[in-house]
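Read in order, the letters of the sequence shown correspond to residues 1 to 243 in UniProt numbering. A short worksheet on the structure shown next.
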Amino acid sequence: MTAKVTVKDLHKAYGDNEVLKGINLEVQENEVVVMIGPSGSGKSTFLRTLNKLEDPTSGEILINGYNLVDKKTDINKVRENVGMVFQHFNLFPHLSVLENVILAPVELGKMSKEDAKALGMQLLTQVGLAEKADAKPTQLSGGQKQRVAIARALAMKPSIMLFDEPTSALDPEMVGDVLQVMRDLAEDGMTMIVVTHEMGFAKQVADRVVFFADGYIREQGTPEEVFNNPQDPRAQDFLNKVL
Ligand code: ADP
Ligand code: MG
1 MTAKVTVKDL
11 HKAYGDNEVL
21 KGINLEVQEN
31 EVVVMIGPSG
41 SGKSTFLRTL
51 NKLEDPTSGE
61 ILINGYNLVD
71 KKTDINKVRE
81 NVGMVFQHFN
91 LFPHLSVLEN
101 VILAPVELGK
111 MSKEDAKALG
121 MQLLTQVGLA
131 EKADAKPTQL
141 SGGQKQRVAI
151 ARALAMKPSI
161 MLFDEPTSAL
171 DPEMVGDVLQ
181 VMRDLAEDGM
191 TMIVVTHEMG
201 FAKQVADRVV
211 FFADGYIREQ
221 GTPEEVFNNP
231 QDPRAQDFLN
241 KVL
C-alpha cells in the first residue's frame with residue numbers, strides 16, 4: 001500500500017484558539033475516508049491544511065511524498081494533485097460551463113485549449129451534464145453547479161480529491177445526483193477525503209470513517225465499527241443525534 005496523505009501531530013491555532021490539537025492520519029491510495037463530527041470541530045480547517053489554504057502551526061503533512069511544511073516544496077505542484085470541492089461552488093458566472101471546467105488547466109498551460117475541451121466534455125459526460133456545456137452557471141440548479149465544480153476539479157487530473165460538505169447547501173432533491181458522482185469516482189479508485197453529514201453515503205462508500213471532535217480524531221474505523229459500535233462517548237452522543 002502507498003500512503004497518499006500522511007499527517008503527523010498536526011496542530012493549527014488561530015490566535016489562542018487551538019483548532020487542531022494533534023491530528024495523525026494516513027490515507028492510502030484508492031482509499032475513501034469520510035470525516036464526520038460536530039460543527040466547529042476543525043474538519044474544514046484540517047482539509048484546508050492539506051491543500052495549503054491554511055498553514056499548520058506545527059506538525060507534518062506529506063502529500064504524495066511531498067512535504068507541505070517544507071518551504072522548498074513547490075506548492076503549485078502539490079495543489080495540481082489535490083482537487084477540492086467546497087460547499088459553495090464559486091463558478092464564474094460570465095463563463096460557460098465548459099469554459100469553467102477547462103479554465104485552470106488552460107491558464108496553467110497544462111494542456112492546449114483543444115485537448116482541454118475534449119477532456120472537459122468527457123468530464124461533463126461523467127457528471128451527467130454534457131448537454132449543459134454551453135450553458136451559463138445561472139441556468140443550472142445548485143446540484144448541477146456542484147457537479148460542474150467536481151468536473152472542474154477533475155480537469156486538473158488530481159490524484160486526491162477533498163470534499164468539504166459538498167451537498168450541505170443543496171436542496172434535498174439535488175443531493176442524490178451529487179453523491180452518485182462521488183460514488184462513481186470512489187468506484188473508479190479515486191483517493192478521497194470527504195467531510196459530510198450524509199451518513200448513508202458514509203456507510204455505503206467509506207472505507208474508513210473518522211470522527212472529529214474538539215480538534216482531535218476521537219474515533220475511527222470501518223463504517224460498521226463507527227456506526228454500530230462507537231467507543232468514544234462524544235461519538236456515541238453525536239451518532240445518537242444524527243442517525
Ligand atoms: P468545522 O468544519 O468542523 O465546522 P472549522 O474548521 O470550520 O470547523 O472551524 C473550527 C474552529 O476554527 C472554529 O472555532 C472556527 O471559528 C475557527 N476558524 C476557522 N477558520 C478560521 C479563520 N480563518 N480564522 C479564525 N478562526 C477560524
Ligand atoms: Mg466545515
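Beta carbons: idealized from backbone N, C-alpha and C, even for Gly. In this text, all values refer to a predicted model and were calculated from it rather than measured experimentally.
Taking Cβ to Cβ, would you say residue i is nearer than 7 Å to residue j?
i, j, result
"Q126", "F89", "no"
"V196", "V178", "In the sequence as displayed, the identity of residue 196 is Thr instead of Val. Not a contact, by the Cβ cut-off of 7 Å."
"A206", "V34", "yes"
"V32", "I160", "no"
"L106", "A116", "It should be pointed out that residue 106 corresponds to Val in this sequence rather than to Leu. The answer is yes: Cβ separation under 7 Å."
"E26", "T2", "no"
"L103", "A133", "no"
"L162", "L243", "no"
"T57", "K113", "no"
"L170", "G142", "yes"
"E165", "Q87", "yes"
"E80", "M156", "yes"
"V78", "I63", "yes"
"L239", "P230", "yes"
Where does residue i sit, in a helix, a strand or coil, going by DSSP?
i, result
"M35", "strand"
"F89", "coil"
"M111", "coil"
"D9", "strand"
"G200", "helix"
"Q126", "helix"
"K117", "helix"
"K132", "helix"
"Q231", "coil"
"N240", "helix"
"E29", "coil"
Can you check which of these residues, the options, is closest to residue i by C-alpha distance?
i, options, result
"A128", "A151, D55, Q139", "The displayed chain sequence assigns Gly, not Ala, to residue 128. When only C-alpha atoms are compared, the closest one is A151."
"G42", "E31, I217, E99", "I217"
"T49", "V210, L119, I23", "I23"
"K136", "N100, F227, P230, V210", "N100"
"G215", "A3, L10, I75, K77", "L10"
"V19", "A213, I61, N228, E60", "A213"
"V69", "N51, F86, P158", "N51"
"K4", "H94, E173, P158, P230", "P158"
"Y14", "E54, S39, G37", "E54"
"S96", "R234, T138, M190, D237", "T138"
"G176", "A155, F201, L154", "F201"
"V181", "I63, Q144, K203", "Q144"
"A186", "N64, P172, L154", "L154"
"D184", "I75, Q204, H94, M84", "Q204"
Counting only C-beta atoms, is residue i closer than 7 Å to chain B at any point?
i, result
"F212", "Checking the listed chains, one finds no chain B in this structure; it contains a single protein chain."
* Which ranges would you report for the beta strand (DSSP E) in the region 142-193 if only whole runs of at least 3 residues count? -> 160-164
* To do: For ligand 1, list every residue whose C-beta falls under 5 Å from any of its heavy atoms, going in chain order.
  => Y14, V19, S39, G40, S41, G42, K43, S44, T45
* Would you list, in sequence order, the uninterrupted beta strand (DSSP E) runs of no fewer than 3 residues that lie entirely inside the region 43-107? => 58-63, 82-85
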